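Trainee:
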Amino acid sequence: MPNPEHQQAQDLAASAELAMARGDSETARNLYARAADLELEGFRQLSRNEPRSRGILAVSYAALLFKAKLYDRAEVAICGLLADPGIPPEFRDELRDLLQVTWDERLLESERLRDSGAELTVALRGGTIGAGTAPAEVAAHYLSGFNLLFSRIAEHEIGDPLRRQGPSPPAIQNLFHARATQASAGSYRFTLKILEPVLEEGQQGSDAHRVSRRALEVLQAVAHNDQAALAEAVPDGSYRLALARLIRNVVPAGDALAEVEVRTENDGPLEAVRLVPEDRWTVNETIRALRALPEQSEIREETIAGTLRAVHLDQHWIRVVPNEGPPVEVSTTSEDLGDVIGPMVNRKVVARISRSGRSERSRPQLLDLELLED
Amino acid sequence: MPTRKSPLPALGSLHLRHPGLYEPLCRAYADAAAICLSESHTSPVEFEIRREDTSCLRELAWDEPSRDALASWRNSHEATEQGATSVGLATVEAELGLVALSRAETRTGADFYIARPGQKLEEAHRLEISGTKAGMLRDLHSRLRQKVHQTRRGLSSRPALACVVGFRVKMVALASLEMEGGDA
Numbered sequence: 001m002p003n004p005e006h007q008q009a010q011d012l013a014a015s016a017e018l019a020m021a022r023g024d025s026e027t028a029r030n031l032y033a034r035a036a037d038l039e040l041e042g043f044r045q046l047s048r049n050e051p052r053s054r055g056i057l058a059v060s061y062a063a064l065l066f067k068a069k070l071y072d073r074a075e076v077a078i079c080g081l082l083a084d085p086g087i088p089p090e091f092r093d094e095l096r097d098l099l100q101v102t103w104d105e106r107l108l109e110s111e112r113l114r115d116s117g118a119e120l121t122v123a124l125r126g127g128t129i130g131a132g133t134a135p136a137e138v139a140a141h142y143l144s145g146f147n148l149l150f151s152r153i154a155e156h157e158i159g160d161p162l163r164r165q166g167p168s169p170p171a172i173q174n175l176f177h178a179r180a181t182q183a184s185a186g187s188y189r190f191t192l193k194i195l196e197p198v199l200e201e202g203q204q205g206s207d208a209h210r211v212s213r214r215a216l217e218v219l220q221a222v223a224h225n226d227q228a229a230l231a232e233a234v235p236d237g238s239y240r241l242a243l244a245r246l247i248r249n250v251v252p253a254g255d256a257l258a259e260v261e262v263r264t265e266n267d268g269p270l271e272a273v274r275l276v277p278e279d280r281w282t283v284n285e286t287i288r289a290l291r292a293l294p295e296q297s298e299i300r301e302e303t304i305a306g307t308l309r310a311v312h313l314d315q316h317w318i319r320v321v322p323n324e325g326p327p328v329e330v331s332t333t334s335e336d337l338g339d340v341i342g343p344m345v346n347r348k349v350v351a352r353i354s355r356s357g358r359s360e361r362s363r364p365q366l367l368d369l370e371l372l373e374d
Numbered sequence: 001m002p003t004r005k006s007p008l009p010a011l012g013s014l015h016l017r018h019p020g021l022y023e024p025l026c027r028a029y030a031d032a033a034a035i036c037l038s039e040s041h042t043s044p045v046e047f048e049i050r051r052e053d054t055s056c057l058r059e060l061a062w063d064e065p066s067r068d069a070l071a072s073w074r075n076s077h078e079a080t081e082q083g084a085t086s087v088g089l090a091t092v093e094a095e096l097g098l099v100a101l102s103r104a105e106t107r108t109g110a111d112f113y114i115a116r117p118g119q120k121l122e123e124a125h126r127l128e129i130s131g132t133k134a135g136m137l138r139d140l141h142s143r144l145r146q147k148v149h150q151t152r153r154g155l156s157s158r159p160a161l162a163c164v165v166g167f168r169v170k171m172v173a174l175a176s177l178e179m180e181g182g183d184a
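Residue numbers (my numbering), protein chains in the order written: chain U, 1 to 374; chain V, 1 to 184.
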């Protein structure tokens with residue numbers, strides 16, 4: 001350890017982590033704040049001949065201020081540290097990242113003073129995302145993707161059976177009011193404000209806060225392939241599969257995006273759910289587990305990478321144009337939903353299909369369809 | 001056939017040799033590991049440790065998780081990640097003779113800086129650990145590749161190690177950016 005102050009800061013930060021795990025965020029914040037003060041003392045005692053140790057403690061100090069939600073102090077501290085030429089480049093990169101999320105948090109906090117309603121905030125970060133800007137197609141894809149996902153979750157909470165065709169009912173469409181929020185460094189954010197759902201007489205009360213909380217539970221369970229938590233949140237197996245596929249559509253896939261962060265109105269940065277490209281395989285695991293197929297010796301699986309060019313779910317087929325070779329028409333089932341497949345039209349996809357061993361000419365069956373780009 | 005080596009150190013007492021692991025946190029992480037392990041196995045089990053082209057077997061024992069521990073680790077994802085930290089630190093101690101010297105605070109949690117006992121922070125390596133309860137070996141390898149890629153991209157000029165713990169498949173995969181020239 002470089003000095004006793006750093007050791008004490010570490011112990012306090014560890015205690016804060018345990019307090020967070022218990023759900024005691026107020027105690028955690030106070031402990032992080034005390035840890036930050038001690039980390040600063042420790043940093044000041046280091047010699048300039050220890051550049052790596054200075055970098056490590058500088059990042060630690062900034063991260064502890066961020067975790068304590070002391071965003072003004074974090075901003076000043078990080079700017080001061082970035083002005084110090086003795087901080088090695090790799091730590092400067094980490095400090096810049098922390099400065100970006102600090103600005104993001106400050107703006108979010110100031111917005112909440114004007115709005116106390118239930119909402120889900122989605123932040124897109126990294127890749128092609130700039131300061132409050134994003135390529136139009138990326139922004140549109142994620143705005144639409146989350147709207148479809150949260151609509152499905154609201155339908156589930158209201159007690160509607162799984163919708164196989166058509167758009168969500170007007171009562172649900174009127175539930176969400178989406179808007180892009182203020183510009184912030186390094187991220188593009190939008191919020192989906194949830195209004196009170198319209199309930200039929202005799203239905204269980206399903207308030208907007210419950211919908212936002214459930215959305216986060218489902219995202220977390222699918223992203224981590226936690227089948228037990230997912231089954232608890234969504235008992236209906238068909239709904240679970242539909243939601244897992246909708247979530248996969250909003251997990252970053254290409255280079256356009258590095259991270260998608262989702263949180264409810266009550267969540268701080270430590271409680272948010274983050275989707276990163278490496279979550280793709282976990283979500284695929286969830287989907288595979290939900291769509292376990294019986295073993296059939298005459299069925300063989302293939303994958304086709306290409307562009308989805310046509311969809312006709314009423315007639316149960318889609319058309320994929322492979323990267324090489326002629327178009328392939330693939331049969332779909334009632335499990336293949338329009339709001340899952342629709343956003344993939346004219347985009348790069350990979351289709352997992354099965355062919356019957358009897359005939360090469362019969363139309364293959366779609367097992368799964370995955371988007372390959374943001 | 002992998003070589004059989006001495007057991008992994010007891011998870012609940014890692015703090016005795018790892019100065020960067022605060023005792024209450026060490027015990028909480030050991031509880032999280034016990035919860036993850038107990039879901040699929042009975043103590044003790046043999047874990048396969050894979051490093052580059054070599055592998056070995058090491059026994060891992062744990063105490064049955066108490067009711068309090070089960071209650072405090074209701075979030076399965078957090079239990080997996082923190083339990084993996086416990087098993088990961090035990091593995092780098094056994095395999096590389098390195099101990100946790102300091103936490104590396106991040107925006108959402110903490111990684112660790114590890115070094116030989118007595119070394120300074122100035123000489124430490126950054127260790128990133130993650131865990132999975134997935135049941136397939138290819139998932140573990142895929143996760144390690146992702147972890148190494150992430151570590152290399154984020155910390156380009158710093159010596160770093162990535163470790164992934166597979167609780168169900170009883171395996172720990174360890175990759176060093178220095179040793180592998182930046183690839184897993």
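Don't be surprised by glycine CBs; every beta carbon is placed ideally from N, CA and C.
If you're wondering where the values come from, they're calculated on a predicted model, not measured in any experiment.
1. Given a cut-off of 9 Å, decide if G145 (chain U) and S343 (chain U) are closer than it, judged by their beta-carbon atoms.
2. In terms of residue numbering, what span does the beta strand (DSSP E) encompassing T27 (chain U) cover?
3. Using DSSP with H/G/I as helix, E/B as strand and the rest coil, what is E335 (chain U)?
4. To which residues of the same chain is H312 (chain U) closer than 8 Å at the C-beta, ignoring the five residues directly before and after it?
5. Which residues, in chain order, does the stretch 222 to 245 of chain U contribute to contact with chain V at a C-beta distance below 9 Å?
6. Cβ closer than 8 Å: which chain V residues qualify as neighbours of D267 (chain U)?
7. Mind listing the chain V neighbours of R22 (chain U)? Cutoff is C-beta to C-beta under 8 Å, in chain order.
8. Could you list which residues in chain V have their beta carbon closer than 8 Å to that of R355 (chain U), in chain order?
9. Using a C-beta to C-beta distance shorter than 9 Å, which residues of chain V count as neighbours of P2 (chain U)?
10. With H, G and I counted as helix, E and B as strand and the rest as coil, what does DSSP make of G107 (chain V)?
11. Measure the C-alpha to C-alpha separation of S176 (chain V) and E329 (chain U) and round it to an integer number of angstroms.
12. When the Cα atoms are used, what is the spatial distance from S206 (chain U) to E119 (chain U)?
13. Taking the alpha helix (DSSP H) that V76 (chain U) falls in, what are its first and last residues?
14. Return yes when the Cβ of I129 (chain U) is within less than 9 Å of the Cβ of A253 (chain U), no when it is not.
15. CA-CA distance, R363 (chain U) and S38 (chain V)?
16. Say whether chain V places a C-beta atom closer than 9 Å to the C-beta of D72 (chain U).
17. For D53 (chain V), is the classification buried or exposed, using 16 other Cβ atoms within 10 angstroms of its Cβ as the cut-off for buried?
18. Could you name the residues of chain U that G20 (chain V) contacts, counting a contact when the two beta carbons are closer than 7 Å?
19. Go to E261 (chain U), then tell me how far its beta strand (DSSP E) extends in each direction, as first and last residue.
20. Is the Cβ-Cβ distance between R245 (chain U) and I304 (chain U) less than 9 Å?
21. Tell me where the beta strand (DSSP E) around D368 (chain U) begins and ends.
22. Whether or not the stretch 162 to 174 of chain V and the stretch 86 to 93 of chain V are in contact is what I'm after, with contact meaning three or more pairs of Cβ atoms, one per stretch, closer than 8 Å; do they touch?
23. Rounding to the nearest angstrom, what Cα-Cα distance links D37 (chain U) and I114 (chain V) in this structure?
24. What does A66 (chain U) reach in chain V if we use C-beta pairs closer than 7 Å?
25. Whole-angstrom Cβ separation of A256 (chain V) and Q82 (chain V), contact assumed at under 8 Å?
26. Assign A184 (chain V) to one of three DSSP states: helix, strand, or coil.
27. Name, in chain order, the residues that DSSP records as bridge partners for K348 (chain U).
28. How long is the line joining the alpha carbons of R213 (chain U) and A136 (chain U), rounded to whole angstroms?
29. Assuming L371 (chain U) contacts V349 (chain U) (C-beta within less than 8 Å), just tell me the rounded distance between them.
30. Since A21 (chain U) contacts S76 (chain V) with CB under 8 Å, what's their CB separation in whole angstroms?
31. Between which two residues does the alpha helix (DSSP H) containing P170 (chain U) stretch?
32. Can you pull the chain U neighbours of L25 (chain V), defined as C-beta to C-beta under 9 Å?
33. Would T128 (chain U) pass as an interface residue toward chain V - the criterion being a Cβ-Cβ separation below 9 Å?
34. Check each candidate in U:S53, U:E301, U:V273 and name the one with the smallest Cα separation from A223 (chain U).
35. Distance cutoff 9 Å, beta carbons only. Does H41 (chain V) sit that close to anything in chain U?
36. Can you list, in chain order, the stretches of the alpha helix (DSSP H) that have 4 or more residues and sit fully within the stretch 113 to 164 of chain U?
Mentor: In terms of the structure at hand:
1. Along the first sequence, one-based indexing puts residue 343 (chain U) at 343. Along the first sequence, one-based indexing puts residue 145 (chain U) at 145. Residue identity differs from the one stated: residue 343 (chain U) is Pro in this sequence, not Ser. Yes, Cβ-Cβ distance for P343 (chain U) and G145 (chain U) is below 9 Å.
2. Walking along the first sequence from the start, residue 27 (chain U) turns up at place 27. From DSSP, T27 (chain U) is part of no beta strand (DSSP E) but of the alpha helix (DSSP H) over 25 to 45.
3. In the first sequence, counting from the first residue as 1, residue 335 (chain U) sits at position 335. Here E335 (chain U) sits in coil by DSSP.
4. Along the first sequence, one-based indexing puts residue 312 (chain U) at 312. If you ignore the 5 residues before and after H312 (chain U), its C-beta comes within less than 8 Å of the C-beta of I318, all in its own chain and listed in chain order.
5. Correct list: A223, H224, N225, D226, A228, A229.
6. For the purposes of this step, residue 267 (chain U) is taken as the residue at position 267 of the first sequence. Simply none; closest approach about 12 Å.
7. Here residue 22 (chain U) refers to the residue found at position 22 of the first sequence. In chain order: S72.
8. Taking the first residue of the first sequence as position 1, residue 355 (chain U) is located at position 355. Around R355 (chain U), no beta-carbon contact reaches into chain V at under 8 Å, the shortest distance being about 23 Å.
9. Within the first sequence, numbered from 1, the residue matching residue 2 (chain U) stands at position 2. Ordered by position in chain V, the residues that pass the 9 Å Cβ test against P2 (chain U) are S102, K120, L121, E122.
10. Counting from one through the second sequence, the residue named residue 107 (chain V) turns up at place 107. Reading off the sequence shown, one finds Arg at residue 107 (chain V), where the question assumed Gly. Reduced to three states, the DSSP call for R107 (chain V) is coil.
11. Stepping through the second sequence from its first residue, residue 176 (chain V) is reached at position 176. Stepping through the first sequence from its first residue, residue 329 (chain U) is reached at position 329. So the alpha carbons of these two residues sit roughly 46 Å apart.
12. In the first sequence, residue 206 (chain U) corresponds to position 206, counting from 1. In the first sequence, residue 119 (chain U) corresponds to position 119, counting from 1. Note that S206 (chain U) scores 45 on pLDDT, short of 50, meaning its location in the model is unreliable and no value can be drawn from it.
13. On the first sequence, position 76 is the one that residue 76 (chain U) refers to. 71 to 82 is the span of the alpha helix (DSSP H), which, as asked, contains V76 (chain U).
14. Counting from 1 along the first sequence, the entry for residue 253 (chain U) is found at position 253. Counting from 1 along the first sequence, the entry for residue 129 (chain U) is found at position 129. The beta carbons of A253 (chain U) and I129 (chain U) sit no closer together than 9 Å.
15. Residue 363 (chain U) sits at position 363 when you count from the first residue of the first sequence. Residue 38 (chain V) sits at position 38 when you count from the first residue of the second sequence. A straight-line Cα-Cα distance of about 46 Å links R363 (chain U) and S38 (chain V).
16. By 1-based counting over the first sequence, the position of residue 72 (chain U) is 72. No, its Cβ sits nowhere closer than 9 Å to a Cβ of chain V.
17. Working through the second sequence from its first residue, we reach residue 53 (chain V) at position 53. D53 (chain V) should be labelled exposed.
18. Your numbering for residue 20 (chain V) matches position 20 in the second sequence. Q10, listed in chain order.
19. Sequence index remark: in the first sequence, residue 261 (chain U) carries index 261 (1-based). Unbroken beta strand (DSSP E) run through E261 (chain U): 259 to 264.
20. As a position in the first sequence, residue 245 (chain U) is number 245, starting the count at 1. As a position in the first sequence, residue 304 (chain U) is number 304, starting the count at 1. In terms of Cβ geometry, R245 (chain U) and I304 (chain U) do not form a close pair [threshold 9 Å].
21. Taking the first residue of the first sequence as position 1, residue 368 (chain U) is located at position 368. Where D368 (chain U) is concerned, the enclosing beta strand (DSSP E) stretches over 365 to 371.
22. Enough Cβ pairs lie closer than 8 Å, so yes.
23. The sequence position of residue 37 (chain U) within the first sequence is 37, counting from 1. The sequence position of residue 114 (chain V) within the second sequence is 114, counting from 1. Cα to Cα, the separation comes out at about 24 Å.
24. Indexing the first sequence from 1 puts residue 66 (chain U) at position 66. In the sequence on display, residue 66 (chain U) carries Phe and not Ala. Near F66 (chain U) (Cβ distances below 7 Å), the residues of chain V are R107.
25. With chain V represented from 1 up to 184, any question about residue 256 (chain V) goes unanswered, as that position is not in the structure.
26. Taking the first residue of the second sequence as 1, we reach residue 184 (chain V) at position 184. Caution is warranted here: a pLDDT of 29 is assigned to A184 (chain V), below 50, making its placement in the model unreliable, and the coordinate value is therefore given only provisionally. Coil at A184 (chain V), not helix or strand.
27. Position 348 of the first sequence, counted from the first residue, corresponds to residue 348 (chain U). Checking the DSSP bridge columns, you'll see K348 (chain U) partnered with U:T307.
28. If you number the first sequence from 1, residue 213 (chain U) lands on position 213. If you number the first sequence from 1, residue 136 (chain U) lands on position 136. Taking the CA atoms as reference points, R213 (chain U) sits about 29 Å from A136 (chain U).
29. Residue numbering aside, residue 371 (chain U) sits at position 371 when the first sequence is read from its first letter. Residue numbering aside, residue 349 (chain U) sits at position 349 when the first sequence is read from its first letter. Rounded to the nearest angstrom, the Cβ distance from L371 (chain U) to V349 (chain U) is 6 Å, consistent with a contact under 8 Å.
30. What you label residue 21 (chain U) is simply residue 21 of the first sequence in a count that begins at 1. What you label residue 76 (chain V) is simply residue 76 of the second sequence in a count that begins at 1. The pair is not a contact, with the Cβ atoms about 13 Å apart (cut-off 8 Å).
31. By one-based count along the first sequence, residue 170 (chain U) stands at place 170. In the DSSP annotation of this structure, the continuous segment of the alpha helix (DSSP H) that includes P170 (chain U) starts and ends at 170 to 173.
32. Counted from its first residue, the second sequence places residue 25 (chain V) at position 25. Those within 9 Å of L25 (chain V) in chain U are D11, A14, S15, E17, L18.
33. The count along the first sequence starts at 1 and reaches residue 128 (chain U) at position 128. Taking Cβ atoms only, chain V never reaches closer than 9 Å to T128 (chain U), which makes this a no.
34. As a first step, residue 223 (chain U) must be located in the first sequence, where it is residue number 223. It is U:V273 whose Cα lies nearest to the Cα of A223 (chain U).
35. For the purposes of this step, residue 41 (chain V) is taken as residue 41 along the second sequence, with counting starting at 1. Cβ-Cβ to chain U under 9 Å: no for H41 (chain V).
36. If we require 4 residues or more, the alpha helix (DSSP H) runs fully inside the stretch 113 to 164 of chain U come out as 136 to 158.
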